[in-house]
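Since the structure comes first, as structure tokens, the remarks are kept for the end.
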Amino acid sequence: MSIVNAKEMLLEATKGKYSVGAFNITNLIQMEAVVEAAVEKKAPLIIQTSVTPSKFLGRDVLVAIYRTLAGAAPIPICLHLDHSTDVKYCKQCADAGYTNIMIDASKQEFEENVRQTKEICDYCHALGGISVEGELGTVSGVEDQVKVVENEAALCSPDQAIEFIERTGVDLFAPAIGTAHGVYKTKNPKIDFERFEKIAKLINGQGVKVPLVVHGGTGLPPDYVERLVALGGSKFNVSTELKYTLIDTTFDYISKNREQYDPGKIDIAVKDAIRKAVGRWIDMLGSAGKA
Ligand code: 13P
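Using this note's numbering, you'd call the opening residue of the sequence shown number -12 and step up by one each time.
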């Protein structure tokens, strides 16, 4: 029960009008902290790794840790590969035991995006038990190896969204609506709520079919988050905030305890800070108590 893919938990979330936090991790301490926070809040959880940490830590090692932590947790947990532009690496992670795969061919022409996304859907669905996320339009900012400059970011066309979903068989859909990876440069980023609403109605208005994903969680004002959840965003991605939390907490701890050489204490401080940050997100997304 604890080791699950993303599709079922997100169909539930879409129907229940809450969102599941999808948190990017880069090491074991972050992974444990994210799981502990979700267990404390009794919330379903998606753990994500982008490609660089996945290759650095090793996909087999990550899957082994995921299976150990999720197997012992009383909540459903999915392990998601985030923003892989490499079809081969998507398949390798599916083979290794990731339970949700994102093929990000959003920088390609529409036809090529359809072709690559369908290839990964066919592969993962044939393996069984693995769901797939695809993206249309481009999310600006930097997420690992994917870099999109702001003035080249293209928002998702609602009509193409329907065609994309029908032709690929994708399980989760990430439409570009103006959210961005990294830290927002303005206090009130320009998010196209109307476009998101239109896409949500077209896809899920007559019965929930394909859950919608919101990228670029870090720094979004809480009322924006609530609005996007209410409109049907049922997977909410948060990465940069957790990286900042890890680095700032480590820096603060070492600055205050320069004479101490006890790595375990740094780990405790980092884990505590990440657990709190994730707990705040879970409350904001409304997923507490939904596991
Ligand atoms: P942030 O880094 O802005 O939180 O975005 C995370 C994300 O969308 C990962 O796919």
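Where is the CB? At the ideal position from N, CA and C, for every residue including glycine.
- Per DSSP, HIS67 is one residue of the beta strand (DSSP E) stretching across 64 to 71.
- Between ILE64 and SER118, the gap from beta carbon to beta carbon reaches 8 Å or more.
- In this chain, the beta strand (DSSP E) harbouring ALA161 covers 159 to 162.
- Setting aside the 5 residues that flank it on each side, GLY220 is surrounded in the same chain by SER6, LEU199, VAL201, each with a C-beta closer than 6 Å to its C-beta; the list follows chain order.
- In this structure the segment 55 to 70 touches the segment 80 to 97; the number of beta carbon pairs closer than 8 Å is three or more.
- Beta-carbon to beta-carbon, GLU122 and SER93 are separated by about 4 Å, close enough to satisfy the 8 Å threshold.
- In the pairwise beta carbon analysis, the segment 174 to 193 is classified as not touching the segment 222 to 233: fewer than three pairs are separated by under 8 Å.
- According to the DSSP secondary-structure assignment, PHE43 is paired through a beta bridge with no residue.
- Within the chosen limit of 7 Å, the ligand 13P does not reach the beta carbon of ASN87 with any heavy atom.
- One Cα belongs to ILE33, the other to ALA9, and the distance between them is close to 4 Å.
- In the displayed model, LEU142 falls within coil according to three-state DSSP, outside both helix and strand.
- A direct Cα-to-Cα measurement between ALA24 and VAL38 gives close to 24 Å.
- Taking the Cβ of HIS202 as the reference point, at least one heavy atom of the ligand 13P falls within a distance shorter than 7 Å.
- Not one heavy atom of the ligand 13P is found less than 7 Å from the C-beta of SER41.
- About 6 Å separates the CB atoms of ARG182 and LEU142; that is less than 8 Å, so the two are in contact.
- For SER127, the number of other beta carbons within 10 angstroms of its own is at least 16, and it is reported as buried.
- Nearest to ILE178 by alpha-carbon distance, out of GLY165, GLY169, LYS185, is GLY165.
- For ALA260, the closest alpha carbon among the candidates PHE238, LEU272, SER274 is that of PHE238.
- Bridge pairing for ALA30: absent [DSSP].
- Per DSSP, the unbroken alpha helix (DSSP H) holding SER242 starts and ends at 227 to 243.
- Distances from the CB of GLY121 to the heavy atoms of the ligand 13P are all 7 Å or more.
- By the C-beta density criterion, PHE43 is exposed, having fewer than 16 other C-beta atoms within 10 angstroms.
- Annotated three-state conformation of GLY203 is coil, per DSSP.
- Cα atoms of GLN35 and ALA148: separation of roughly 24 Å, rounded to the nearest angstrom.
- Residue state for VAL7 is assigned as strand, using DSSP reduced to three classes.
- Counting along the chain, the unbroken alpha helix (DSSP H) around ASN100 starts and ends at 97 to 114.
- When the beta-carbon positions are compared, ASP158 and LYS258 stay at least 8 Å from each other.
- At least 8 Å separates the beta-carbon of PRO40 from that of THR1.
- Annotated three-state conformation of GLN35 is strand, per DSSP.
- With 16 or more other Cβ atoms from the protein chains shown falling within 10 Å of its own Cβ, VAL22 counts as buried.
- A residue is called buried once 16 or more other Cβ atoms fall within 10 Å of its Cβ, and LYS28 is buried on that count.
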